[in-house]
Amino acid sequence: MNLVQKMSERKEDLAAKWYDIVLSSYPVETQKIWKANNDRFTNPVGITIKKVTSELLDLILEWKNADAIAQSLDELVKIRTVQEFAPSKALSFVFLFKKLMRDEFMEELKKEGKLDELLAFEARIDNLGLIAFDIYTKNRDLIAQMRIEEVKRSHHMLLRRVNKIEDASAKGAGQV
Numbered sequence: 000m001n002l003v004q005k006m007s008e009r010k011e012d013l014a015a016k017w018y019d020i021v022l023s024s025y026p027v028e029t030q031k032i033w034k035a036n037n038d039r040f041t042n043p044v045g046i047t048i049k050k051v052t053s054e055l056l057d058l059i060l061e062w063k064n065a066d067a068i069a070q071s072l073d074e075l076v077k078i079r080t081v082q083e084f085a086p087s088k089a090l091s092f093v094f095l096f097k098k099l100m101r102d103e104f105m106e107e108l109k110k111e112g113k114l115d116e117l118l119a120f121e122a123r124i125d126n127l128g129l130i131a132f133d134i135y136t137k138n139r140d141l142i143a144q145m146r147i148e149e150v151k152r153s154h155h156m157l158l159r160r161v162n163k164i165e166d167a168s169a170k171g172a173g174q175v
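Note that numbering that gives the first Met the number 0 gives residue 75 to position 76 of the sequence shown, counting from 1, and the numbers run on in steps of one.
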C-alpha cells in the first residue's frame with residue numbers, strides 16, 4: 000500500500016490532528032471554545048477551520064485541481080490574514096502538516112524502504128505552502144488597500160466638514 004492509500008484510510012484521524020495543529024496557534028481558552036462549539040453561527044471560525052482542514056486533506060490526496068485547492072486554502076488563509084498573525088505564524092499550519100506526516104508515517108515508510116513516497120508527498124505540501132503564500136499576500140494587499148481607502152474617505156469627510164464650518168463662519172461674519 001502506498002502513502003496516499005495509507006493516508007486515505009486514516010483521513011478522518013489526520014484531518015482531526017491537522018485541525019488540532021491549526022487550533023494550537025490560538026490561546027488555550029479559544030481552543031476550548033472552538034472545539035466544544037459545533038454551531039456554524041456561533042463559531043464560524045472554528046467550524047471553517049475544521050471544514051477546510053478536512054477538505055484540503057481530500058484535495059491534497061487527489062492533487063488534481065489547483066483551483067479547488069486554492070479556493071479551499073483561501074478560506075483559511077483569509078481568516079488568518081485578518082487576525083493579524085505574523086506571516087510565518089499565519090501560514091505555519093501548512094508546514095506543520097508536513098511534520099504531522101513525518102510523525103505519522105516516516106518510521107513505517109523507512110522500514111518499508113519507501114521514504115521516496117514521503118518526499119514526493121512533501122513536495123505537494125511545499126507547493127501548498129507557495130499557494131498559501133500567494134493567497135496571504137493578495138489578502139494582505141487587499142486589506143492595506145481597504146485601509147488606505149478608509150483613510151482617504153475619512154480625510155475627505157473631514158475636509159468637507161471644515162469647508163462647511165468655514166462657509167458658515169464667513170456667512171455669519173458678513174451679517175454682523
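We treat Cβ as the ideally placed atom computed from N, Cα and C, and that holds for glycine.
Keep in mind the model is a prediction, meaning the values are calculated, not measured.
First and last residue of the alpha helix (DSSP H) that includes LYS77?
-> Here the alpha helix (DSSP H) through LYS77 covers 65–81.
Do VAL161 and PHE92 have their CB atoms nearer than 8 Å?
-> Taking 8 Å as the Cβ cut-off, VAL161 and PHE92 do not qualify as a contacting pair.
C-beta contact flag for LEU127 and ILE59 at 8 Å | In this structure, ILE59 lies closer than 8 Å to LEU127 by Cβ.
Sequence-distant residues of the same chain with beta carbon closer than 7 Å to TRP17, five excluded per side | Here TRP17 has THR52, LEU56, PHE96 and LEU99 as same chain residues with Cβ atoms under 7 Å from its own Cβ, once five neighbours each way along the sequence are excluded.
Along the alpha helix (DSSP H) that carries TYR25, what are the first and last residues, could you check?
-> Neither: TYR25 is in no alpha helix (DSSP H) and is coded neither H nor E.
Put PHE92 into one of helix, strand or coil per three-state DSSP.
-> For PHE92, the three-state secondary structure derived from DSSP is helix.
Since ASP57 is in the alpha helix (DSSP H), which residue starts that stretch and which ends it?
-> Segment 43–61, the alpha helix (DSSP H) holding ASP57.
CB contact flag (LEU2, PHE120, <8 Å) | Result yes, Cβ atoms of LEU2 and PHE120 sit closer than 8 Å.
From which residue to which residue does the alpha helix (DSSP H) around MET6 run?
-> Start and end: 2–8.
VAL76 beta carbon less than 8 Å from that of ALA143 | The answer is no: Cβ separation not under 8 Å.
For ARG39 versus ILE48, is the C-beta distance shorter than 8 Å?
-> The answer is no: Cβ separation not under 8 Å.
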